[in-house]
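Q: Heads up: the protein sequence lines correspond to chains A and B, in order. Last residue of the first sequence: number 833 in my numbering, and the count goes up by one each step with no gaps. Last residue of the second sequence: number 270 in my numbering, and the count goes up by one each step with no gaps.
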Amino acid sequence: MTGERTFQKFKRLIPKKAFLLWLDSLKKDYKLIGPVKTGNHAVFKEVDSSEELFMEYGTTMLSPGKLFLYKPNEELFRFAMNGKITIDEIAPIAEKQVIVGVHPCDVNAILYLDRIFLRTFKDTHYEARRKNTVIISLNCARVSENCFCSSVGAGPFLHAASGYDMLLTDFENEYLVEIKSREAEELFGLEGRVAGRDEMRVKAEKEKSMQGKFTKTINVSGLDNIFAENMEHPVWQQTAEEKCLSCANCVMVCPTCFCYDLRDEMSMDLKTVTRYRCFDACQDIRFAEVHGGNFRQRRAARLRQFVTHKLDQTNQYGVSATVGCGRCITWCPTGIDLTEITKEIQRYEPA
Amino acid sequence: MNPLRPLTARIEDIKTEAEGVKTYTLSTKFPFRAEPGQFNMVGYPGVGEAPISLSAIMQDGSFKHTIKSVGRVTDFLKDFKKGDELFFRGPYGRGWPVKKAEKKDILIIAGGVGLAPLRPVIQTVLAQRESFGDVSLIYGARDEKNMLFMNEFNEWAEKTAVYLTVDEAVQPDRWKHHIGLVTDLIDRVKIKPERAIAFVCGPEIMMRFICRGLIIHGMSQSSLYVSLERRMKCGIAQCGHCQHSGLFVCKDGPVFSYKEVRGLPDGVL
C-alpha cells in the first residue's frame with residue numbers, strides 16, 4: 483500500500499515475558515487495565531502488575547469500552563442553588579490508561595461508540611478519556627459458546643485499520659505485535675524479531691482455524707429488509723410472553739448499547755443539584771413514554787427494538803450495531819437468543 | 002464546553018393561551034437564532050429537561066415556548082413568574098422545509114398544542130406573504146378552551162384562509178365554526194396536488210388520518226411533512242430515547258416527510 487505510514491510496517495514477534503515487562507514499564511505514566519481471572523470467569527480491571535493478567539480469557543460479562551471509556555454513571559454538572567444559580571461543569575476524569583487484551587469484538591464496539599460520542603456533538607467526557615487511552619487488542623485464540631463475531635465481520639481477528647493502538651496475536655511463547663498508531667510506535671521500545679511473510683502466513687492460518695470453531699452463526703445478508711417485512715412476526719410476541727422479563731441484562735452487558743438517562747439529584751441541604759448521566763435501557767417500560775402514550779408499551783415491542791437495533795438499522799451509522807460478542811445471550815436469565823429469533827424469522831423467507 | 006450544558010433565559014413575558022397552556026417569551030444574553038420547527042431542551046436544575054418546540058422566533062433575538070403542563074418539567078414551569086430565569090439548550094433538530102414551500106400552496110394542519118411548532122411557519126408566511134401561493138390553516142382542538150392563539154386568528158385570516166374546528170363546543174351557540182374532527186375540514190380546501198405542500202402537527206393518530214386523507218386528494222407522500230413527538234433526554238442523538246427505527250427524531254427530525262416515517266413500527270403513521 484502506498485502512503486503507508488512507517489508505524490504500520492511494524493510487525494514483530496516479541497517474547498511474551500518481554501512484552502509483559504514492557505507493559506509494567508508503562509505503569510509509571512499509565513493505569514494498566516486488563517483481563518483478570520476471578521472465580522471461573524474474567525473481568526477487566528486495573529492491575530498493579532502484568533502478572534495479574536489473564537490473557538487466555540474467553541469473554542467477560544462487561545466490555546472494557548463501557549467500563550473505562552463510556553462510564554455507567556458520570557457526573558456532568560453541579561448547580562449551586564443559592565440565589566442566582568451558577569453552573570459548575572465537572573471536568574472529565576481522564577487519567578492516562580492502557581487497556582490490554584481487548585478482543586476484536588470489543589475494539590469494534592469502541593469504534594461504534596466513537597460514532598455516537600465523537601461526531602457532530604462530541605461528548606467531552608468520552609472524548610477526553612478516548613484520547614488518554616491506549617488500546618492493545620488481542621486476537622482471539624478461543625471461541626466461547628455464544629460468540630458469533632465471525633458471522634458479522636467483527637472477529638475473531640481484528641481487521642480495523644485504525645482507531646486503536648496495537649494488535650497482538652498469540653504465537654505460543656511470543657506475541658506477534660502490530661503497531662497501529664503513532665502513539666504506540668513512540669511507546670513501544672522493543673525490537674524483537676521481524677515478522678516476515680512466513681509469520682504472517684501462520685497468522686492467517688490461525689485465523690482460518692479459529693473461523694472453523696464457531697458453533698453459533700447468523701446470516702446477516704438482507705436482514706434489514708427481512709426484519710422490516712416481519713415486524714409483526716409471531717416470534718416477537720411469543721418470546722416476549724414466554725421468556726422476556728424486561729430485566730435489561732441484554733442492554734447492560736451489550737458493548738454497543740449507548741442509551742443514557744440524564745438525572746438530577748438534589749443534595750440533602752437543598753443547596754446543590756448534581757446532574758448526572760447513567761446507562762438507560764429500551765427494555766424499561768418508561769423508556770419511550772410521552773404524555774398521553776407510550777410508543778413501546780408492549781414488551782414485544784421493546785424486545786423487538788433491542789434485537790432490530792442490534793441486527794438491523796444499519797442505516798443509522800452505516801454499520802450493524804452487533805459485534806457478535808454473544809453477551810446478551812449469555813446473560814439473559816431466560817435464554818433469549820437473538821440469533822435464534824433471527825433464524826425463526828428467516829425460516830419464513832425464501833432461500 | 003459540554004454540549005449538554007444549559008444556558009439561562011429570562012422570562013420577559015407570560016401569556017395564558019388556553020387551559021393549562023402558557024406562552025413564555027424568553028431572552029438570552031446573545032441573540033437566539035433558529036428555524037421554524039426546531040426545538041429546545043427546556044428545564045430547571047433538580048427537575049430535568051423536556052423537548053419543547055419553538056412557538057415563535059423573534060427578530061430581536063428573543064423566542065417563545067408555548068407549554069402545556071402535562072409532566073414533571075412542564076408542571077414545574079407553570080408557576081414561573083415574569084423576571085424568573087429558566088434553563089435551556091438548543092436549538093436542535095431539523096425544522097419545516099419552509100424554503101421548499103416557496104411559490105407553493107401551503108396547507109398548515111394542526112391539532113391541539115400541535116399548532117405551537119407551526120406558528121413560526123405562519124409568522125414567516127405572513128412576513129413574506131408574496132413568496133407563497135394559497136395558504137390555508139386548518140386547526141382543531143378538543144374545545145374552544147383548548148385552542149391556542151385564538152386572539153391571533155383574525156390577523157392571520159387577513160392573509161390566509163383559516164378553518165377551525167372543535168370536537169365539542171363548550172358554548173355551541175357562540176361557536177361559529179365547524180364541530181367535528183380536523184380531517185372533516187380537508188374537504189373544504191381546494192387542493193391542487195401538484196403545487197401543494199402540507200405541514201402537519203398534532204397527535205400521531207390525527208397526523209395518520211390527515212396524511213392519508215391528503216393522499217386521497219392526490220398529494221404525494223413526499224409533499225407531506227409531519228413533526229413527531231418522542232421522549233428525549235439529550236436532543237443531540239446520543240441518549241437513544243427518541244429512536245424510531247434507525248432514525249433519531251431529535252436530529253433527523255422532529256420534522257420528517259411522511260414518506261420517511263410512514264408505516265414504521267412503534268408509531269401509528
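We put the CB at the ideal spot given by N, CA and C, even for glycine.
Answer yes or no: do Y608 (chain A) and A803 (chain A) have a C-beta to C-beta separation smaller than 8 Å?
A: no
Q: How is N797 (chain A) classed by DSSP in three states: helix, strand or coil?
A: Reduced to three states, the DSSP call for N797 (chain A) is coil.
Q: Note down, in chain order, each residue of its chain lying with its Cβ closer than 6 Å to the Cβ of T484 (chain A), except the 5 sequence neighbours on either side.
A: Residue placement at T484 (chain A) is flagged as unreliable, the pLDDT there being 46, under the threshold of 50; the coordinate-derived value follows with that caveat. Cβ within range, chain order: n/a, list empty.
Q: To which residues does DSSP link R560 (chain A) through a beta bridge?
A: A:D570, A:T756
Q: On the DSSP bridge list, what partners appear for N555 (chain A)?
A: A:C760
Q: Could you name the residues of chain B that H773 (chain A) contacts, counting a contact when the two beta carbons are closer than 9 Å?
A: K69, V71, G72, T75, E230
Q: Just reading off the beta strand (DSSP E) that M42 (chain B) is part of, what are its end residues?
A: For M42 (chain B), the enclosing beta strand (DSSP E) begins and ends at 40-45.
Q: For chain B, find out if any of its Cβ atoms is closer than 8 Å to the Cβ of R757 (chain A); answer yes or no.
A: Yes, R757 (chain A) lies at the interface with chain B (some Cβ there is under 8 Å from its Cβ).
Q: List the endpoints of the continuous beta strand (DSSP E) containing D746 (chain A).
A: 742-748
Q: Using a cut-off of 9 Å between C-beta atoms, extract the partners of G49 (chain B) located in chain A.
A: L744, R745, D746, R757
Q: Can you tell me which of B:F150, B:A197, B:N152, B:A142 puts its alpha carbon nearest to the alpha carbon of A170 (chain B)?
A: B:A142
Q: At 7 Å on the CB atoms, spell out the chain A contacts of S246 (chain B), in chain order.
A: Q795
Q: Specify the secondary structure class of C36 (chain B) as computed by DSSP and reduced to three states.
A: Going by the sequence as given, residue 36 (chain B) is Glu instead of Cys. In this structure, E36 (chain B) counts as coil in the three-state DSSP scheme.
Q: Can you tell me the Cα-Cα spacing of L503 (chain A) and F670 (chain A), whole angstroms?
A: 12 Å
Q: If I measure Cβ to Cβ from E50 (chain B) and keep anything under 6 Å in the same chain, skipping five residues before and after, which residues do I get?
A: M42, G44
Q: Could you confirm whether any beta carbon from chain B is found closer than 8 Å to the beta carbon of A783 (chain A)?
A: yes
Q: Compile a chain-ordered list of the residues in the stretch 599-613 of chain A whose CB is closer than 9 Å to at least one CB of chain B.
A: F599, R601, T602, F603, K604, D605, T606, H607
Q: Please determine whether the Cβ atom of Q787 (chain A) lies at a distance below 7 Å from any heavy atom of the ligand ADP.
A: With respect to the ligand ADP, the structure offers nothing, as it holds no ligand at all.
Q: My output table needs one value for E681 (chain A): the three-state DSSP class, helix, strand or coil.
A: helix
Q: With DSSP run on the structure shown, which of helix, strand or coil describes T484 (chain A)?
A: Residue confidence for T484 (chain A) is low, a pLDDT of 46 falling below 50, so the modelled location carries little weight; the figure read from the coordinates is stated next. It is coil, neither helix nor strand.
Q: Where DSSP assigns a beta bridge to D652 (chain A), which residues make up the other side?
A: A:Y657
Q: Give me the Cα-Cα distance between I567 (chain A) and A10 (chain B), rounded to the nearest whole angstrom.
A: 12 Å
Q: Identify which residue in B:Y25, B:S63, B:C202, B:K160 has its Cα closest to the Cα of G38 (chain B).
A: B:C202
Q: Pull out every residue of the stretch 199-222 of chain B whose Cβ sits closer than 7 Å to any Cβ of chain A, in chain order.
A: none
Q: With a threshold of 16 other CB atoms inside 10 Å of the CB of A643 (chain A), please say whether the residue is buried or exposed.
A: Result: exposed.
Q: Taking DSSP as the reference, what is the three-state secondary structure of A10 (chain B)?
A: strand
Q: Return the CA-CA distance between D819 (chain A) and G112 (chain B), expressed in angstroms with no decimal places.
A: 43 Å
Q: Any C-beta of chain A sitting closer than 8 Å to the C-beta of L277 (chain B)?
A: This structure cannot speak to residue 277 (chain B), because chain B is shown only from 2 to 270.
Q: Measure the Cβ-Cβ separation of L505 (chain A) and S532 (chain A) and say whether it is below 8 Å.
A: yes
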